[in-house]
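Heads up: the sequence shown at position 264 corresponds to 337 in the numbering used here, and the numbers run straight through without jumps.
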Amino acid sequence: MAFNSPIALTNKNILFCFVGIIVIFVVTDYFLLNQLVSEKIIKNESFDFLSSNVTDKCQFTDPLMQSALERVKSESCRQSLKDVYCQVLDSNVELENSCSDFDKTKLNKFVGCFDDSPSGFLLTGYHYNFPKTNAPDLCVQTCFRSAYELAGLKSGKHCFCGDSTDLKKGLEVDESICRSLSCPGNANLTCGGIKSTAVISTGLAKIERPMPEFIPLPDDIETRKRVKILFVLQLNGRNSRQVTRMIRTIYSRDHFYLVHVDQRQNFMFSEMKELQKLFEKKKLFNFKVTENRFATIWGGSTLLTMFLQTIKDSLTSLGWNDWDYVLNMSESDMPLLSLEELEHNLALNNGFSSM
């Protein structure tokens, strides 16, 4: 007795089945390919919108910008970063200043022309050399960011910053003397004279910079005021000998020392781990090298992340929670005061932050 199957497996049926599979594959592949192409077009259109001619014209010479571009992992993010950077440069974006020490009516106001040849430089703050880009706006903004009251243009390329007290030693001369040299950044403007400085206001009021008062140690050093300090040593590079010298000057059983080494600096990390072992052999457990490491690029976002994580580690996993001050130091730092003097002066101002 023959077995009657619901679908006879004839050559014709097998052929139809095979053709059906091919059709499904082709249709699916075509659909997915269209989706990918559409997404690609959308992405390219968005980049065309962002990547204007501005991006092609501007140069990425700023060190911080170059560092940011090197750290970006995707091309889309890199392109977006370039677009924003170039558009900001092109549109000359400025933030409205609402600081109480700033008077907008005095911004870019010409103060006078001063002959400073007898005494050297008239303004005694920062000195910048802009051989290709110097102009009044650039110099004023540069000195403004440095929190100076005045900006001074001299010899075309020089930009000086200072305060009104500097003008007392200068001799004011005719304004025309400060118009003898054109600006490298704008030939239609003048940037002082060879021996004269054109002084312009940045709009800032004079900012007092009070120096902290140093209190010497008492005659009996043991009666000095004391505090407990958490030293956060943020290390980079390979100069472990310098770090060792620094630690000798600040180490005490009374304080805590938590070391963070940049995650790319394995030599320094191994040297600090060996130093930790030496402390522990002497039964000293207030010196620790953290295993939570970050790439601590100066000015990068990971710098704050590292610091917060380090403080968290000191309070939680290490149980160091009775310190009064945090003192952040790098491998290039060296204290000017002795540890006893530092303790004494911090203790006299306990409860106040020292920046």
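Heads up, the beta-carbon is just placed ideally off N, CA and C, and yes, glycines get one too.
*Where Lys113 sits in the DSSP three-state scheme*: No answer about Lys113 holds up, because its pLDDT of 41 lies below 50 and its placement is not dependable.
_6 Å CB neighbourhood of Asn422 in its chain, flanking five on each side removed_ = none
*Local conformation of Ser78 per DSSP, three classes*: For Ser78, the predicted structure reports a pLDDT of 46, less than 50, and the residue's modelled location is therefore unreliable. The matter cannot be settled from this model.
*Is the beta carbon of Phe342 sitting closer than 8 Å to the one on Gln349?*
no
_Sequence-distant residues of its chain with Cβ nearer than 8 Å to Glu281 (five each side left out)_ = none
*asked:* Contact defined as beta carbons within less than 8 Å: I believe Val184 pairs with Ser274. What is the distance between those atoms, to the nearest angstrom?
replied: 6 Å
*Have a look at Arg326 and Val300 and give me their C-alpha separation to the nearest angstrom.*
12 Å
_Cys234 and Ser219 - do their beta-carbons sit closer together than 8 Å?_
Result yes, Cβ atoms of Ser219 and Cys234 sit closer than 8 Å.
*Between the segment 400–416 and the segment 305–323, do at least 3 Cβ pairs fall closer than 8 Å?*
yes
*What's the C-alpha gap between Thr389 and Val334?*
20 Å
*For Leu410 and Ile323, believed in contact at Cβ under 8 Å, the rounded distance*: Actually they do not touch by this definition, with Cβ atoms about 10 Å apart.
*For Glu143, write down the residues that DSSP places opposite it in a beta bridge.*
None; Glu143 has no bridge partner.
*Three-state secondary structure (DSSP) of Lys361*: strand
*Asn339, DSSP secondary structure in three states*: helix
*Would you mind sorting Asp189 into buried or exposed? The rule is 16 or more other CB atoms within 10 Å of its CB.*
buried
*Excluding the 5 residues preceding and the 5 following Thr383 in the sequence, name in chain order all residues of the same chain whose CB lies nearer than 7 Å to its CB.*
Val305, Leu331, His333 and Thr363
_Sequence-distant residues of its chain with Cβ nearer than 6 Å to Gly198 (five each side left out)_ = Tyr221, Cys234 and Gly235
*asked:* In the DSSP output, what is Thr375 paired with across the bridge?
replied: DSSP output for Thr375 lists no bridge partner at all.
*For Arg144, which residues of its own chain have a beta-carbon under 7 Å away from its beta-carbon, when the five flanking residues on both sides are left out?*
none
*Are Phe217 and Gly276 touching if we call contact CB-CB under 8 Å?*
A Cβ-Cβ contact shorter than 8 Å links Phe217 with Gly276.
*asked:* For a minimum of 4 consecutive residues, which ranges assigned as the alpha helix (DSSP H) are wholly contained in the segment 270–326?
replied: 313–323
_Which residue wins for smallest C-alpha separation from Glu295, given the options His200, Val157 and His417?_
Ranking His200, Val157 and His417 by Cα distance to Glu295 puts His417 first.
*Alpha carbon to alpha carbon, how far is Leu142 from Asp293?*
57 Å
*Enumerate in chain order the residues of its own chain whose CB-to-CB distance from Asn312 is below 7 Å, with the five nearest sequence positions on each side excluded.*
Glu404
*Using three-state DSSP, classify Tyr221 as helix, strand or coil.*
coil
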